[in-house]
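Student: Just dropping this structure here.
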Amino acid sequence: MRIRSYTPPRSHPPQEANPATPPLPYPDGWFCVGFSTEWPPGTVHTRPFMGEDLVIYRTRSGKLRASRPYCPHLGAHLGAGGKVDGEQLVCPFHKFSFDTEGKCVQTPFGPPPKASLTFVKLTEAYGIVWAWHHHNDDTPTWELPELGLTDGHPPLFKGTDMAGHPQEVCENSFDYGHIQPLHGVEFLGELAPPREDGQLYHVEIKINRKLPLLGTRQHNASATVIGLGGISVVVNLPEFGVYSVNWVLATPIAPWRIRLYLAVSAHVTWGRNSPALVRTPVSNAAARAVSAGILKALEQDIRRDFPMWHHKRYVEHPKLSRADGLIGTFRKWAGQFYAPPTGKDPSPRTGSSLPHGDLERSR
């Protein structure tokens, strides 16, 4: 996957928002490190994650693993030439081999030493590869949900590196006030009361916007925020036979820096009256073509947020207006993904030191 770094236009300030002491730490939870199609069996890729590299590889039988980058033997970077040999990851320096539990099982020099790789927990869901982070290196305390999304092809995707933080990206789903002035989209209201569900937050809204090739259309968007790792937005246009799952995924790669992934997987009902022999190929080709168009439009739309995220400063005590939507409520919910202040109850509702704003909920 080719990753581009965001370069602001000359009309924007030259300095990115990169504070010496970031106001928000790395959050806990699941975060995107790539997509399942990037790891056919035998593949090794290095990905930045929370201030270090992860070496992610898939064995010949299909097991996906993520190791911290340095060989315990003499410190070689496993992503700088490391290879998969069957079910083992082989260090490029001295050819020490490690099994799928991380244990050194073979060397060219005789019996292996008592040495092991340190793995980071991975899971695959929705065609996305997610890595787990916890401030105490605890094992996962929650799993990614079954979202009931209509099966489509593997997501098409793009990635961009920039200054920012996942909480700022997720907050956009609750910031109704920016939709019209920044995106030129008319906000028509909530379809249902926003709903918290543990580590998920569901929002359904009605908007009026211009769609590629379709003109200005009123449609519904159903967003699910999954921890602070990303947002799934389902757009269903049955009159056009299109059901699209759009992803905005922000992964911390360093203090106050993120890799932002945009991804789309569409399902179409075109050709359902065609003979069975051609129905699936026709639908798959149409779905990928639709996804490519939606991904291009999604990128054009979200790029309007890029200079905001890249340059903005996190305001700890925002002076929220009645038009600002759910920002205060969102920040209160987001507190569960950070280490609680010392001596405080670590419950999601009270365990965060993160300010929520002066207006908890705009009505």
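When the letters of the sequence shown are read in order and numbered with the working numbering, they come out as residues -12 to 350.
Think of the CB as a built atom: it goes at the ideal place given N, C-alpha and C, for glycine as much as any other residue.
Values in this document were obtained by computation on a predicted structure and should not be read as measured data.
DSSP beta-bridge partners for L249?
Tutor: Taking the sequence shown and counting its residues from 1, one reaches residue 249 at position 262. In the DSSP output, where bridge partners are listed per residue, L249 has K145, V235.
Student: Would V277 and V229 qualify as a contact pair, given that the criterion is a beta-carbon distance under 9 angstroms?
Tutor: Residue numbering aside, residue 277 sits at position 290 when the sequence shown is read from its first letter. Residue numbering aside, residue 229 sits at position 242 when the sequence shown is read from its first letter. Cβ atoms of V277 and V229: closer than 9 angstroms.
Student: From V221, L169, G214, E183, pick the residue whose C-alpha is nearest to that of I192; which is it?
Tutor: For this step, residue 192 is matched to residue 205 along the sequence shown. With distances taken between Cα atoms, I192 lies closest to V221.
Student: Can you tell me the Cβ-Cβ gap for G322 and I245, rounded? I've got them flagged as a contact below 8 angstroms.
Tutor: By one-based count along the sequence shown, residue 322 stands at place 335. By one-based count along the sequence shown, residue 245 stands at place 258. That belief does not hold up - the Cβ atoms of G322 and I245 are roughly 20 angstroms apart, past 8 angstroms.
Student: Quick check: the Cα distance between T24 and E177, rounded to an integer number of angstroms?
Tutor: Residue 24 sits at position 37 when you count from the first residue of the sequence shown. Residue 177 sits at position 190 when you count from the first residue of the sequence shown. T24 and E177: Cα-Cα distance of roughly 35 angstroms.
Student: So, is D15 buried or exposed, given that buried needs 16 or more other C-beta atoms within 10 angstroms?
Tutor: Here residue 15 refers to the residue found at position 28 of the sequence shown. Burial call: buried.
Student: With DSSP as the reference, please indicate the residues paired to C91 in a beta bridge.
Tutor: To locate residue 91, count along the sequence shown from 1; it is residue 104. Bridge partners of C91: F85.
Student: Which stretch, first to last residue, makes up the beta strand (DSSP E) that contains K299?
Tutor: Here residue 299 is taken as the residue at index 312 of the sequence shown, counted from 1. It is not in any beta strand (DSSP E) - K299 carries neither H nor E in the DSSP assignment.
Student: Which runs of the alpha helix (DSSP H) fall wholly inside the stretch 273 to 323 and span at least 4 residues, in chain order?
Tutor: Qualifying alpha helix (DSSP H) stretches, in chain order: 293 to 298, 314 to 321.
Student: Can the beta-carbon of H81 be found less than 9 angstroms from the beta-carbon of A63?
Tutor: For the purposes of this step, residue 81 is taken as residue 94 along the sequence shown, with counting starting at 1. For the purposes of this step, residue 63 is taken as residue 76 along the sequence shown, with counting starting at 1. Contact: yes.
Student: Nearest to P328 by CA position, among P12, I(-10), W129, is which residue?
Tutor: Position 341 of the sequence shown, counted from the first residue, corresponds to residue 328. Nearest option by C-alpha distance: P12.
Student: Using only CA atoms, which one of P132, T8, A272, S(-8) lies nearest to I218?
Tutor: Within the sequence shown, numbered from 1, the residue matching residue 218 stands at position 231. For I218, the nearest C-alpha among the options comes from P132.
Student: Might you give, ordered along the chain, the residues of its own chain that have their beta carbon closer than 6 angstroms to the beta carbon of Q186, omitting 5 neighbours on each side?
Tutor: Locating residue 186 in the sequence shown gives position 199, where the first residue counts as 1. Cβ neighbours of Q186 beyond the five flanking positions: W129, G214.
Student: Between which two residues does the alpha helix (DSSP H) holding C157 run?
Tutor: In the sequence shown, residue 157 corresponds to position 170, counting from 1. Residues 153 to 158.
Student: I need the straight-line Cα distance from R318 to C157, nearest angstrom please.
Tutor: Mapped onto the sequence shown, residue 318 falls at position 331. Mapped onto the sequence shown, residue 157 falls at position 170. R318 and C157: Cα-Cα distance of roughly 10 angstroms.
Student: Are P181 and H170 touching if we call contact CB-CB under 9 angstroms?
Tutor: Reading the sequence shown from its first residue, position 194 is the one you call residue 181. Reading the sequence shown from its first residue, position 183 is the one you call residue 170. Cβ atoms of P181 and H170: not closer than 9 angstroms.
Student: Does the Cβ-Cβ distance between T110 and W17 come in under 9 angstroms?
Tutor: Walking along the sequence shown from the start, residue 110 turns up at place 123. Walking along the sequence shown from the start, residue 17 turns up at place 30. Yes, they are a contact pair.
Student: What are the start and end residues of each continuous beta strand (DSSP E) run of 3 or more residues lying completely inside the stretch 96 to 122, in chain order?
Tutor: The stretch 96 to 122 contains these whole beta strand (DSSP E) runs: 109 to 112, 115 to 120.
Student: By alpha-carbon positions, which one of I115, P225, I194 ends up nearest to A210?
Tutor: By 1-based counting over the sequence shown, the position of residue 210 is 223. Comparing Cα positions, the closest option is I194.
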